[in-house]
Amino acid sequence: MTSPVFFTAARARRAPGGRVPSRAAALVARLAPALSLLSPLAADAQIGFEDATQAYGIHAVVMTYGPTWGDYTGDGYDDVFIGNHYARRPMLLRNIGGTGLLDRADHVGMPRGGDRHGAAWGDFNNSGWRDLYVAVGASAGQGTGYNQLYMNSYGEHFADVALTAGVVDSLGRGRFPYWIDVDNDGWLDLFVGNEDSPNRLFLNRRDRSFAPLPGAGGLGADGLWIAAWTRWDGDRRMDVALAGSYTHQLRLYRHGGLDGFVDVTAASGLPAQLDWIQSLCWIDYDNDGDQDLYVARGWASDLRDAVLSEEARLSFLFHMPREREMEDGLDGVAFHCAADTLDLDVQINSTAGPERIFLGAALEHPPANPFTLVDGRHIGRPPFVAGAHLGCYIWQEEAGGPWFVHCSTDFAFRQRFGAVIEARGASITAVEWTGLEAPACPEDLGDRLYENLGDGTFRDATQAAGIDNPGSSRTAIAADFDNDGFLDLYVVNERDPRSLIAVNQANCLWRNNGDGTFTEMAAACGVDARVPGTGAGAAWGDVNADGFPDIYLTNGWSEFPFCLGPHKLYRNLGNAHHWLKVRLEGRSSNRDGIGALVCAVAGDLTQT
């Protein structure tokens, strides 16, 4: 929905009845006869990706949500925006002719502050320049957050007009925004998915301002902030699937015109209750002309303890809920190290202030954070009561003896303690963890694929399609990466929810076999992404405009320190298959053509 550029191959299966919509906004691209002679992808054909992260000048290792591609300069090359998380500065990577990505956020009017989450590109004023809406959090629900609407001025500067446009949504815990033309008036409207606060649907007034639709037109329910928009029932109006990871709900809404959105979940055959949904993705995987639904599921990694012990480095994240029946009040680690000094970075609730860090019996605070500890300088256990006092307490009993790091909660709020401990020139040994709670992971976290039967109902096709993702998913995105005419899936996985050991799981690349089944090929294609951090988000784009979709991946989910994973750019190596790129320009519809149905026709074959 955020990048109205479509890639398609010249090979597809016949749509039942050859159905092609008659609406003017739909585009039928008829390929030359030569392109219709493609054969199925040979087993030895080149398919794969290369890690182009460094080659394109990307060096980010930061907590983040996901990326979104959009050509904001109008030069024909896809640019990338990444909001990052909490107070981290955003990144706006301008594409330099397909050869590099240069961060221009500080040069185009985007401020550094703000708890940015998801973002979406869309030309809301039909100016021909793509604008950007960014959802902002609300201090974990304890304050306010002002969403941002950056109006694009000729690809050179952005101005935040959210306040005058009426879309700040200051009381919403913004997670993911979506541009759609709900009323089909040719102007983009805005849906904002909020966590623990009502969703919002803003109708475009056509004068650079928006009017909130009461109850979000039937989509305002709390806890359903994950959305995927499409025209799943074949009419001319946009429908939506909504989900909430913590509320364990899945809902399907049909656009009912003047009646707003109608919940048709019960009649659709989709399950109304499904645990830990993290992402929804519409994909016509069987090329029958209607949209099927992929549901990515995963257990939240920031809701459990996690540790990692390396030769000269210890990392931990202690999650301490406020419910006493779930937590004993104290987590910690003891270890030996022959080094004279240790380097530490300790954060409590993602805040790095030293006032809650206490050293030795004297309860000293480090002068700053990160900080250095010297052997024998902080002797004696600090006087604190576990479960009553809040802080991170560090000491030795004697010089040369083991180090102790204990974290205590006061149960006033959910607390998260994160730390990295590094030794200089020596190993860390005899590591003993204490107070860790074993992950209470749900038994069934498997992803789901629901086939649209074309009559308003869906069936579970997961097993028949060969989908068996062993990981804990965060994001699912669809594209035809090998240009064989069948849409494929890339699924971002995070850390193993069944283990205390904080190791990022391999991602999945599900290649469509063209017969209703998929084969997992992430490792074979070089995009399994076994990297530090925690898998977060990904987006398909075409960084070098060669017609083969590339992947921008972030690994900064969760809390410190396991949010410190690298951004990755995987450039598609391509193959001999032909392709067609369609860049829509609406006349009676919205300028970006968001919501249009694109069909590629090669002889009697059609791909939607």
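Taking mature numbering (1 follows the signal peptide of the UniProt record, and there is no 0), I'd label the letters of the sequence shown as residues -45 to -1, 1 to 563.
Even glycine gets a Cβ: it sits at the ideal position worked out from N, Cα and C.
Nearest-angstrom Cβ-Cβ length linking residue 345 and residue 370, presumed shorter than 8 Å
Cβ atoms of residue 345 and residue 370 come within 8 Å of each other, at about 7 Å.
Suppose you measure from the CA of residue -19 to the CA of residue 31; what does that come to, to the nearest Å?
Model confidence at residue -19 stands at a pLDDT of 36, short of 50, so the residue's coordinates are unreliable; what they give is reported in the following sentence. Near 20 Å, if we compare the C-alpha coordinates of residue 31 and residue -19.
Pairs of beta-carbons, one from the stretch 431 to 439 and one from the stretch 521 to 533, closer than 8 Å: are there three or more?
Judged by Cβ distances under 8 Å, the stretch 431 to 439 makes contact with the stretch 521 to 533, as three or more pairs qualify.
Can at least three beta-carbon pairs, one atom from the stretch 71 to 78 and one from the stretch 114 to 126, be found at a separation below 8 Å?
Segments in contact, no.
Hey, residue 349 and residue 290: beta-carbon distance below 7 Å or not?
No, Cβ-Cβ distance for residue 349 and residue 290 is not below 7 Å.
Counting only runs of 4+ residues fully inside the stretch 237 to 302, write out the alpha helix (DSSP H) ranges in chain order.
You should have found no qualifying run.
Alpha carbon to alpha carbon, how far is residue 515 from residue 373? Give it in angstroms, no decimals.
Each residue's alpha carbon lies about 5 Å from the other.
Classify residue 83: buried if its beta carbon has 16 or more other beta carbons within 10 angstroms, exposed otherwise.
Counting C-beta atoms within 10 angstroms of its own C-beta, residue 83 has fewer than 16 neighbours from the protein chains shown and is therefore classed as exposed.
The beta strand (DSSP E) enclosing residue 417, as first and last residue numbers
Residue 417 -> not in any beta strand (DSSP E); alpha helix (DSSP H) instead, spanning 417 to 420.
Within 8 Å, do at least three Cβ pairs link the stretch 192 to 206 to the stretch 157 to 164?
Output reads no: the stretch 192 to 206 does not touch the stretch 157 to 164.
Where does residue 192 fall in DSSP's three states?
Three-state DSSP puts residue 192 in coil, outside helix and strand.
In angstroms, rounded to a whole number, what distance separates the CA positions of residue 2 and residue 22?
C-alpha separation (whole angstroms): 24 Å.
Can you tell which of 431, 509, 455 has the C-alpha that lies nearest to the C-alpha of residue 403?
Closest option to residue 403, Cα to Cα, is 431.
With respect to the alpha helix (DSSP H) encompassing residue 117, which residues constitute its N-terminal and C-terminal limits?
Residues 117 to 120.
For residue 106, which residues from the same chain have a beta carbon less than 6 Å from its beta carbon, with the 5 sequence-adjacent residues on both sides left out?
Excluding five sequence positions before and after residue 106, the CB atoms of its chain that fall closer than 6 Å to its own CB belong to 86, 114, 116, given in chain order.
Rounded to whole angstroms, what's the CA-CA distance from residue 465 to residue 141? Just pull it up for me.
Distance between the alpha carbons of residue 465 and residue 141: 36 Å.
Do you know whose CA, among 38, 170, 284, lies nearest residue 130's CA?
Considering only alpha carbons, the answer is 38.
Quick one: give me the first and last residue of the beta strand (DSSP E) that residue 554 is part of.
For residue 554, the uninterrupted beta strand (DSSP E) segment begins and ends at 553 to 557.
Residue 223: first and last residue of the uninterrupted alpha helix (DSSP H) it sits in:
Going by DSSP, residue 223 is part of the alpha helix (DSSP H) stretching over 220 to 223.
Which residues bound the beta strand (DSSP E) around residue 603?
As displayed, the chain neither begins before -45 nor continues past 563, which places residue 603 out of reach and without an answer.
For my contact list, residue 498 and residue 11 are in at a C-beta cut-off of 8 Å; report their separation, rounded to the angstrom.
About 7 Å separates the CB atoms of residue 498 and residue 11; that is less than 8 Å, so the two are in contact.
Residue 187 versus residue 457: straight-line alpha-carbon distance, rounded:
The C-alpha of residue 457 is placed about 39 Å away from the C-alpha of residue 187.
Which first and last residues belong to the beta strand (DSSP E) in which residue 362 is found?
Unbroken beta strand (DSSP E) run through residue 362: 358 to 363.
Quick check for students: name the residue ranges of the beta strand (DSSP E) that lie wholly in the stretch 418 to 494, counting only runs of 3 or more.
As for any beta strand (DSSP E) of minimum length 3 sitting wholly inside the stretch 418 to 494, the runs are 428 to 434, 443 to 448, 463 to 467, 473 to 475, ordered along the chain.
Near residue 638, what residues of its chain come up, given a Cβ to Cβ distance below 8 Å and the 5 sequence neighbours on each side ignored?
Any property of residue 638 remains undetermined from this structure, which presents the chain solely from -45 to 563.
By the 10 Å Cβ neighbour count, where 16 or more other Cβ atoms means buried, how is residue 474 classified, buried or exposed?
Burial call: exposed.
Distance between residue 69 and residue 40 (C-alpha atoms, nearest Å)
Taking the straight line joining both Cα atoms gives about 8 Å.
Under 8 Å by Cβ, that's how I've got residue 172 and residue 152 pegged, so tell me the actual separation to the nearest angstrom.
About 17 Å separates the two Cβ atoms, so there is no contact after all.
Going by beta carbon distance, what residues of the same chain come within less than 7 Å of residue 343, once the five residues before and after it are set aside?
365.
Between which two residues does the beta strand (DSSP E) containing residue 101 stretch?
No beta strand (DSSP E) holds residue 101; DSSP gives it neither H nor E.
How long is the line joining the alpha carbons of residue 551 and residue 62, rounded to whole angstroms?
In a straight line, the C-alpha of residue 551 is about 33 Å away from that of residue 62.
Where does the unbroken beta strand (DSSP E) through residue 65 begin, and where does it stop?
Looking at the DSSP string, residue 65 is not in any beta strand (DSSP E), and its letter there is neither H nor E.
Alpha carbon to alpha carbon, how far is residue 487 from residue 215?
Taking the straight line from one Cα to the other gives about 45 Å.
Name the residue from 209, 175, 177 whose alpha carbon lies nearest to the alpha carbon of residue 191.
Nearest of 209, 175, 177 to residue 191, Cα basis: 209.
To the nearest angstrom, how far is the alpha carbon of residue 419 from that of residue 193?
The straight-line gap from Cα to Cα measures roughly 29 Å.
Classify residue 544 as buried or exposed, calling it buried when 16 or more other Cβ atoms lie within 10 Å of its own Cβ.
The residue is buried, with at least 16 neighbouring Cβ atoms inside 10 Å.
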